[in-house]
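Colleague: Got a structure for you, questions after.
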Amino acid sequence: LWLEVYFSPIQEDGETKGVACISRSITERKRAEEKVRNLNIELEERVVERTSELVLANENLETEMFKNQRLSELLTLRNQDLMASITYARRIQDALFPVALALPFFKATACFSRPRNVLSGDFLWQHEAPGNIFLALGDCTGHGVPGALMSMLGHRLLNQMVLDHRMTAPADILAQMDKALEATFGQHDAPDRVHDGMDIGLFVIDKERLELTFSGALIRCYVLRDNDLLQLECARCSVGGHMPLTEKIFSE
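Residue numbers 5 to 256, in the working numbering, belong to the letters of the sequence shown in order.
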């Protein structure tokens, strides 16, 4: 118990005759004060604990921000290196793209190329032999790097068939390109078989007889003559790719 006691002397004729004592219980007040003191101590401890948590969280946040900044810088550098490589690859691809003004035989030509992802899966190929002019337009599977690799493969196969094997029939050239792609990418039943191919239109012009022979794989040829439009049909299949249970026939 807590008590509050007041003492007061009792005097009579200048002499102290006794002492008056008054007391009251202040236990409830003391208990309330102690409770408030304990609450303050608990609150201070919570503030210290929370402050420590906030300091730790702030340190972790700063660490993550630093990591993210470093990661962003690393990604920026890698993206710059990647774009530099892709841009240089585009220059190599452009070197294989015939210049419109340099195309032989034709009096006026126009070529337009705007790749979706810097590199292109579309390509134009031409070759002039002593008696014939070859011109092909290809649209390979995929965009960007995969399409560009397929376009380079298309260039190589056309050079191989026309320059090395001296082939002149467009349908035979497309058929041999199809077989070459099949051999390159594996058999039909292989589990990891690549099903990429290309749509291509190829024509040969006999310069002496002024005769045009065309064969296409999902790409038609349109001839505009005296304001009349003549459409030369194509095969309903691509060169390469996977076409089960169907024999590919390329006509001229």
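Quick reminder that beta carbons are idealized off the backbone N, C-alpha and C, glycines included.
Could you check which residue in Phe116, Phe70, Gly125 and Thr31 has the C-alpha nearest to that of glutamate 8?
Modeller: The residue given as residue 8 occupies position 4 in the sequence shown. Of the candidates Phe116, Phe70, Gly125 and Thr31, the one whose C-alpha sits nearest the C-alpha of glutamate 8 is Thr31.
Colleague: How far does the alpha helix (DSSP H) with histidine 159 in it extend, from its first residue to its last?
Modeller: Here residue 159 is taken as the residue at index 155 of the sequence shown, counted from 1. Residues 148–163.
Colleague: What first and last residue would you give for the beta strand (DSSP E) that runs through methionine 202?
Modeller: Looking up residue 202 in the sequence shown gives position 198. Run containing methionine 202: 201–210, per the beta strand (DSSP E) assignment.
Colleague: Considering only residues of the same chain and omitting the five flanking positions on each side of arginine 54, which have a CB-CB separation below 7 Å?
Modeller: Numbered from 1 along the sequence shown, position 50 holds the residue referred to as residue 54. Excluding residues within five positions, none has a Cβ falling inside 7 Å.
Colleague: If we ignore side chains and look at the alpha-carbon of each, how far apart do leucine 58 and lysine 71 end up?
Modeller: Taking the sequence shown and counting its residues from 1, one reaches residue 58 at position 54. Taking the sequence shown and counting its residues from 1, one reaches residue 71 at position 67. In a straight line, the C-alpha of leucine 58 is about 20 Å away from that of lysine 71.
Colleague: With distances taken Cα to Cα, identify the nearest neighbour of threonine 113 among Pro119, Leu161 and Leu139.
Modeller: Here the question's residue 113 lines up with position 109 in the sequence shown. When only C-alpha atoms are compared, the closest one is Leu139.
Colleague: Methionine 154: buried (16+ other C-beta within 10 angstroms of its C-beta) or exposed?
Modeller: The residue given as residue 154 occupies position 150 in the sequence shown. Classification for methionine 154: buried.
Colleague: Find the nearest neighbour of glutamate 132 within the set Ser124, Thr172 and Ala152, judged by alpha-carbon distance.
Modeller: Locating residue 132 in the sequence shown gives position 128, where the first residue counts as 1. For the residues Ser124, Thr172 and Ala152, the minimum Cα distance to glutamate 132 belongs to Thr172.
Colleague: Could you tell me the boundaries of the alpha helix (DSSP H) in which aspartate 98 lies?
Modeller: Residue 98 sits at position 94 when you count from the first residue of the sequence shown. First-last of the alpha helix (DSSP H) with aspartate 98: 31–100.
Colleague: Tell me the residue span of the beta strand (DSSP E) that contains glutamate 8.
Modeller: Looking up residue 8 in the sequence shown gives position 4. Looking at the DSSP string, the run of the beta strand (DSSP E) that includes glutamate 8 is 7–16.
Colleague: For the alpha helix (DSSP H) containing glutamate 186, name the first residue and the last one.
Modeller: The residue given as residue 186 occupies position 182 in the sequence shown. Its alpha helix (DSSP H) spans residues 174–189.
Colleague: Tell me, please, whether the segment 144–163 touches the segment 110–127 by the rule of three or more beta-carbon pairs shorter than 8 Å.
Modeller: Cβ pair count under 8 Å is three or more, so yes.
Colleague: What span of residues does the beta strand (DSSP E) with valine 227 cover, start to end?
Modeller: Here residue 227 refers to the residue found at position 223 when the sequence shown is read from its first residue. Where valine 227 is concerned, the enclosing beta strand (DSSP E) stretches over 225–229.
Colleague: Looking at the strands, I want to know which residues DSSP matches up with serine 219.
Modeller: In the sequence shown, the residue the question calls residue 219 occupies position 215. Looking at the DSSP assignment, serine 219 forms a beta bridge with Leu206.
Colleague: Rounding to the nearest angstrom, what Cα-Cα distance links asparagine 163 and leucine 100 in this structure?
Modeller: Here residue 163 refers to the residue found at position 159 when the sequence shown is read from its first residue. Here residue 100 refers to the residue found at position 96 when the sequence shown is read from its first residue. Roughly 12 Å separates the two Cα atoms.
Colleague: Cα-Cα, which of Ala24, Asp168 and Leu157 is closest to isoleucine 204?
Modeller: Your numbering for residue 204 matches position 200 in the sequence shown. Considering only alpha carbons, the answer is Leu157.
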